[in-house]
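Using the numbering used here, you'd call the opening residue of the sequence shown number 4 and step up by one each time.
Just so you know, even glycine gets a beta-carbon here, dropped at the ideal spot from N, CA and C.
Owing to the predicted nature of the structure, the values given are computational and were not obtained by experimental measurement.
A short write-up of the structure that comes next.
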Amino acid sequence: MAKANLALAYERSGAPERARLAARQARAAPEVPEPVRLQAGAVLERLPTGGSDLRTVLEQETPALRPLLVREELVRSAGVEAAERIADMREWVDAHVASDLEGTDVAELWLGGLLELPPDALARVVHSALAAAMDMDHATRHQFREAVTRAMVRFHVPQWMRLGDVFSQAAVELGDTSSWR
C-alpha cells in the first residue's frame, strides 16, 4: 500500500518518472490487495508513458539512495512476465549507455542489486538483459557489455566469478558463445 500511496504523492508533486516507478512496484508486489492495485493502475493510466524513467530517477537520486532504488526495481523486474522483464532491461541498458552518470558506475549499482537476488531470479534478469541488448544496435550492445564487464571487476573474486558465469550462461542460451569474464 505504501508504494501505491507514494506513487500518488509523486504524481501530485509533479514527479511522473518516480510516480510510474512506484506504481509499477506497487502493482508487482506479492499479494497486493485489489484497491491498492487499482490505485497504482490509475496513477499509471493518468500519466503519459515515459521512455527513460529509470535513467531519469537514477540521475536525480542521491548516491546513497541509488542502491535502494536499484534493488526495488530489480526485485520487481524479477517477478514479472518475460516480455515486461525484457522491456525493463531495455531501460537498464539505456541507463548504462545514455545516462549522465558513468556507465560503469551504473553497472556496478545494477550488478550489486543483481547479486542480492535469489539465483533463479538473477539468471532470469540477466537472460532478459542480454536478450534486450541483442535487439539493440552494435554500438549500444558494445557500450553495455563494456560497462558491465568493467564493473564486474569491482566485486570480490567469488562475486565476479558468479556474475561471469551467469552472464556467460545466459549468452550461450541466446546463441552468443563469447565469455563474459
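- Shown here for residue 173: same chain residues with a beta carbon closer than 6 Å to its own, the five before and five after excluded, namely 129, 130 and 133 in chain order.
- By the Cβ criterion, the stretch 105 to 112 is in contact with the stretch 152 to 161, since at least three pairs of Cβ atoms, one from each stretch, lie closer than 8 Å.
- Relative to residue 95, the option among 58, 85, 161 and 103 whose CA is nearest is 58.
- Short of 7 Å from the beta carbon of residue 77, and not among the five residues preceding or following it, lie these beta carbons of its own chain, in chain order: 116, 117, 120 and 128.
- Assignment of alpha helix (DSSP H) within the stretch 97 to 133, counting only whole runs of 4 or more residues, yields 106 to 118 in chain order.
- In the three-state scheme derived from DSSP, where H, G and I count as helix and E and B as strand, residue 163 is classed as helix.
- 8 Å or more divides the Cβ of residue 9 from the Cβ of residue 42.
- With 16 or more other Cβ atoms from the protein chains shown falling within 10 Å of its own Cβ, residue 106 counts as buried.
- Its Cα nearest to that of residue 24, the residue 54 stands out among 37, 175, 181 and 54.
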